[in-house]
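Undergrad:
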Amino acid sequence: MAVSTPRSLSRVLGIRQGHCVSLINAPQGFPHALGELPDAVKVGRASPGGLFDVIVFFAHSRAELQREFRYLAGRLQPDGGLWISWPRKGSGVATDLNEAVVRDVALARGLVDNKQCAIDARWSGLRLVLNESA
Numbered sequence: 002m003a004v005s006t007p008r009s010l011s012r013v014l015g016i017r018q019g020h021c022v023s024l025i026n027a028p029q030g031f032p033h034a035l036g037e038l039p040d041a042v043k044v045g046r047a048s049p050g051g052l053f054d055v056i057v058f059f060a061h062s063r064a065e066l067q068r069e070f071r072y073l074a075g076r077l078q079p080d081g082g083l084w085i086s087w088p089r090k091g092s093g094v095a096t097d098l099n100e101a102v103v104r105d106v107a108l109a110r111g112l113v114d115n116k117q118c119a120i121d122a123r124w125s126g127l128r129l130v131l132n133e134s135a
């Protein structure tokens, strides 16, 4: 019987060889939680051309998400993914965010969701991409 190995968080988030990745408001230790990164991945706040292949933004409130969304979407490569993470319901962190709220904010700004995951025990995440039909 074949045993499946768990996929690393970096793979779940779609981080591939040569990608430029931005982690914004990430909790302490989060970069380590990504696991081993593919070759030539650059993680930081700056990238060539100012655009990123993957952005992971940790939001605590709807107001914060709405305030930062235009900036975040503007830093995304046309084929990139913007992950919005919010505290999970059982995390003990008060928030007015959930999957439906994140989706509504994104749709109003021309992005659609195409993947959801548990970032860890405390954070949920929704991957947003540019709406090709818009």
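Heads up, the working numbering is the position in the sequence shown plus 1, with the first residue counted as 1.
Ideal Cβ placement from N, Cα and C applies to all residues, glycine included.
(1) Look up phenylalanine 59 in the DSSP assignment and give the residues it is bridged to.
(2) In angstroms with no decimal places, state the Cα-to-Cα distance between aspartate 40 and glutamate 65.
(3) Can you tell me whether glutamine 18 is helix, strand or coil according to DSSP?
(4) Can you tell me whether valine 103 is buried or exposed, with buried defined as 16 or more other CB within 10 angstroms of its CB?
(5) Can you tell me which of the three DSSP states leucine 129 falls into?
(6) Between isoleucine 56 and glycine 82, what straight-line distance do the alpha-carbon atoms span, to the nearest angstrom?
(7) State buried or exposed for valine 94, treating a residue as buried only when at least 16 other CB atoms are found within 10 Å of its CB.
(8) Which of the three DSSP states is assigned to glycine 81 in this structure?
(9) Taking C-beta to C-beta, are leucine 108 and glutamine 117 nearer than 8 Å?
(10) Pull up the CB-CB distance for alanine 74 and leucine 112, whole angstroms please, since I reckon it's below 8 Å.
(11) Any idea what DSSP makes of valine 42, helix, strand or coil?
(12) With DSSP as the reference, label valine 113 as helix, strand or coil.
(13) Throw me the rounded Cβ distance for the serine 86 and phenylalanine 58 pair, which I believe falls under 8 Å.
(14) State buried or exposed for serine 125, treating a residue as buried only when at least 16 other CB atoms are found within 10 Å of its CB.
TA: Quick look at the numbers:
(1) As a position in the sequence shown, residue 59 is number 58, starting the count at 1. Answer is Ser86.
(2) In the sequence shown, the residue the question calls residue 40 occupies position 39. In the sequence shown, the residue the question calls residue 65 occupies position 64. Cα-Cα distance, rounded: 33 Å.
(3) The residue labelled residue 18 in the question sits at position 17 within the sequence shown. The answer is coil: DSSP assigns glutamine 18 none of H, G, I, E or B.
(4) Translated into the one-based positions of the sequence shown, residue 103 becomes position 102. Label assigned to valine 103: buried.
(5) By one-based count along the sequence shown, residue 129 stands at place 128. Correct three-state label for leucine 129: strand.
(6) As a first step, residue 56 must be located in the sequence shown, where it is residue number 55. As a first step, residue 82 must be located in the sequence shown, where it is residue number 81. Those two C-alpha atoms are separated by around 7 Å.
(7) In the sequence shown, counting from the first residue as 1, residue 94 sits at position 93. Valine 94 comes out exposed.
(8) The residue given as residue 81 occupies position 80 in the sequence shown. In the three-state reduction of the DSSP assignment, glycine 81 falls in the strand class, which pools E and B.
(9) As a position in the sequence shown, residue 108 is number 107, starting the count at 1. As a position in the sequence shown, residue 117 is number 116, starting the count at 1. For leucine 108 and glutamine 117, no; Cβs fall outside 8 Å.
(10) In the sequence shown, the residue the question calls residue 74 occupies position 73. In the sequence shown, the residue the question calls residue 112 occupies position 111. That pair is a contact at about 6 Å.
(11) Mapped onto the sequence shown, residue 42 falls at position 41. Residue state, collapsed to three classes: coil.
(12) Here residue 113 is taken as the residue at index 112 of the sequence shown, counted from 1. DSSP, read as helix, strand or coil, puts valine 113 in strand.
(13) Position 85 of the sequence shown holds residue 86. Position 57 of the sequence shown holds residue 58. So it is a contact: roughly 7 Å between Cβ atoms.
(14) Walking along the sequence shown from the start, residue 125 turns up at place 124. The residue is buried, with at least 16 neighbouring Cβ atoms inside 10 Å.
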